[in-house]
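Peer 1: Just dropping this structure here.
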Amino acid sequence: MTTFRPHTVHTLTLRDHRVQCRTWGDPAAPPVLMLHGWMDVAASFQFLVDAMRSDRYVIAPDQRGYGGTEWTRETAGGYWFAEYVADLEAVIDHFSPTAPIDLVGHSLGGNVCSIYAGIRPDRVRRLVSLDGFGIPASSASKAPAQYRKWLDAIKVPSTLSTYETLAKVADRLQKNNARLRRDRAEWLAAHWAALHADGRWHLQADPAHKLPFPTTYRLDEVIAIWSEVTAPTLWIGASESEAKQWNGYTDDTVVPASRDGHAVGTFASRLAAFKDIQFTVVQGAGHMLHHDEPEAVAALVEAHLG
């Protein structure tokens with residue numbers, strides 16, 4: 042029978058917002074903060090934590106509108122990238138107010154962590170991005186259409202599927218990721234969804250997360266921020282990741298010595314923006330690499346964090 046490392050749940054009020062954080066380990070141990078991706082929850086890191094061998098205090102918040110963290114309704118949708126960055130700083134202020142902290146982010150969480158590390162380089166000791174290195178660059182010419190798409194979308198209430206049983210939630214998780222073991226899918230399902238009064242299981246996510254962003258992705262701005270990162274950085278990709286299609290990396294991508302000769306928007310230009318970065322790929326894993334190959338990911342993360 043699979044056993045999972047015990048955790049503690051903290052309910053905090055940060056930025057006038059109820060935030061739920063999950064922690065593992067001894068609070069006196071060196072901290073590492075892990076930030077989950079889009080349509081995910083902090084519990085997603087359970088298998089990675091189980092595979093870790095070092096003595097670490099692992100902190101994982103549910104990002105706003107996910108898991109046990111409060112939904113946001115100040116605006117239509119209310120989920121702006123800048124808010125994720127500010128939320129991350131609030132969690133760091135709470136758990137590590139004076140000392141730099143290690144950050145590990147997956148997908149959206151990797152983007153948030155890398156942006157934060159460039160904005161507040163003094164607050165981050167080391168950085169790991171798990172297949173989370175920005176989305177495809179978008180030109181300014183696409184802005185009018187993007188705003189039109191957003192305006193149309195916010196007129197229609199967003200919805201998410203509900204499920205008759207927890208087993209069907211686990212089925213959904215395995216449909217999303219065929220590499221996910223059944224025991225892990227069943228464990229995740231109980232944290233990814235909650236039973237509501239209607240007798241059905243609902244995903245612990247605000248449907249507004251499905252809305253498109255009104256603004257385009259400004260890679261030139263992001264690269265300018267990444268160039269300010271001082272923390273040694275490890276970017277971990279996955280050999281079977283869907284993200285390779287729009288991130289442009291390959292299993293044998295080499296970190297360039299400089300930005301010279303690499304057009305903005307290429308994966309090489311993203312790597313070259315960092316002062317100190319390593320890149321590696323986990324074989325046999327997809328975008329959810331911390332679910333597919335947690336032992337391999339844990340070994341890489343721990344070696345980098347030291």
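Take the sequence shown: its letters are residues 42 to 347, numbered as in this note's numbering. The beta-carbon is built from N, C-alpha and C at its ideal position, and this holds for glycine as well.
Using a 10 Å radius around the Cβ and a threshold of 16 neighbouring Cβ atoms, would you call residue 287 buried or exposed?
Peer 2: exposed
Peer 1: Considering only C-alpha positions, which residue in the set 292, 206, 249, 269 is nearest to residue 325?
Peer 2: Among 292, 206, 249, 269, the Cα nearest to that of residue 325 belongs to 292.
Peer 1: Return the bridge partner residues of residue 100 from the DSSP annotation.
Peer 2: 64, 74
Peer 1: What is the DSSP secondary structure of residue 46, counted as helix, strand or coil?
Peer 2: coil
Peer 1: Could you name the residues of the same chain whose beta carbon sits closer than 6 Å to that of residue 157, not counting the 5 residues immediately before and after it, in chain order?
Peer 2: Excluding positions up to five away in sequence, the list reads 126, 129.
Peer 1: Output needed for residue 257: all residues of its chain with C-beta closer than 6 Å, excluding positions within five of it in sequence on either side, in chain order.
Peer 2: 179, 183, 184, 187
Peer 1: In whole angstroms, give me the CA-to-CA distance for residue 132 and residue 241.
Peer 2: 32 Å
Peer 1: Go to residue 215, then tell me how far its alpha helix (DSSP H) extends in each direction, as first and last residue.
Peer 2: 207 to 217
Peer 1: On the premise that residue 76 lies in contact with residue 154, defined as a C-beta separation below 8 Å, what is that separation, rounded to the nearest angstrom?
Peer 2: 6 Å
Peer 1: By a C-beta neighbour count over all protein chains shown, 10 Å radius and 16 as the cutoff for buried, is residue 217 buried or exposed?
Peer 2: Exposed, because fewer than 16 other Cβ atoms sit within 10 Å of the Cβ of residue 217.
Peer 1: Within this structure, are the beta carbons of residue 173 and residue 266 separated by less than 9 Å?
Peer 2: Going by C-beta atoms, residue 173 is not nearer than 9 Å to residue 266.
Peer 1: For the beta strand (DSSP E) holding residue 319, just list the boundary residues, first then last.
Peer 2: 318 to 323
Peer 1: Along the alpha helix (DSSP H) that carries residue 266, what are the first and last residues, could you check?
Peer 2: Going by DSSP, residue 266 is part of the alpha helix (DSSP H) stretching over 260 to 267.
Peer 1: With DSSP as the reference, identify every bridge partner of residue 200, one or two as the case may be.
Peer 2: None, per the DSSP bridge assignment.
Peer 1: I think residue 50 touches residue 171, with their Cβ atoms under 8 Å apart; what is that distance to the nearest whole Å?
Peer 2: Rounded, the Cβ-Cβ distance is 23 Å, inconsistent with contact.
Peer 1: I'd like the list of long-range same chain contacts for residue 135, defined as Cβ closer than 7 Å, with 5 residues on each side in sequence excluded.
Peer 2: 53, 55
Peer 1: Here's the rule: buried if 16 or more other CB atoms are within 10 angstroms of the residue's CB, otherwise exposed. What is residue 224?
Peer 2: exposed
Peer 1: Just the C-alpha distance for residue 231 and residue 297, rounded to the nearest angstrom, thanks.
Peer 2: 43 Å
Peer 1: By how many angstroms is the C-alpha of residue 150 removed from the C-alpha of residue 138?
Peer 2: Pairing residue 138 with residue 150, the inter-Cα distance amounts to about 20 Å.
Peer 1: Tell me whether residue 145 sits in a helix, a strand or coil according to DSSP, three-state version.
Peer 2: strand
Peer 1: Residues in its own chain within less than 6 Å of residue 226 by CB, not counting five upstream and five downstream?
Peer 2: 211, 214, 215
Peer 1: Using CA coordinates, which residue listed in 202, 46, 248 is at the minimum distance from residue 112?
Peer 2: 248
Peer 1: Would DSSP call residue 171 helix, strand or coil?
Peer 2: strand
Peer 1: Below 8 Å CB to CB, which residues in the same chain sit around residue 331 once its five sequence neighbours on both sides are set aside?
Peer 2: Cβ within range, chain order: 85, 86, 88, 89, 147, 171, 338.
Peer 1: Closest to residue 344 by C-alpha separation, out of 44, 145, 68, 121, would be which residue?
Peer 2: That would be 145, whose Cα lies nearest to the Cα of residue 344.
Peer 1: Buried or exposed: where does residue 268 fall if 16 or more other Cβ atoms within 10 Å of its Cβ makes it buried?
Peer 2: Classified as exposed, residue 268 has fewer than 16 neighbouring CB atoms from the shown chains inside 10 Å of its CB.
Peer 1: Tell me the DSSP secondary structure of residue 117 in three-state form.
Peer 2: Annotation note: pLDDT 43 at residue 117 (below 50); position unreliable, coordinate value reported separately. In the displayed model, residue 117 falls within coil according to three-state DSSP, outside both helix and strand.
Peer 1: Please report the residue range of the beta strand (DSSP E) in which residue 277 lies.
Peer 2: Looking at the DSSP string, the run of the beta strand (DSSP E) that includes residue 277 is 274 to 279.
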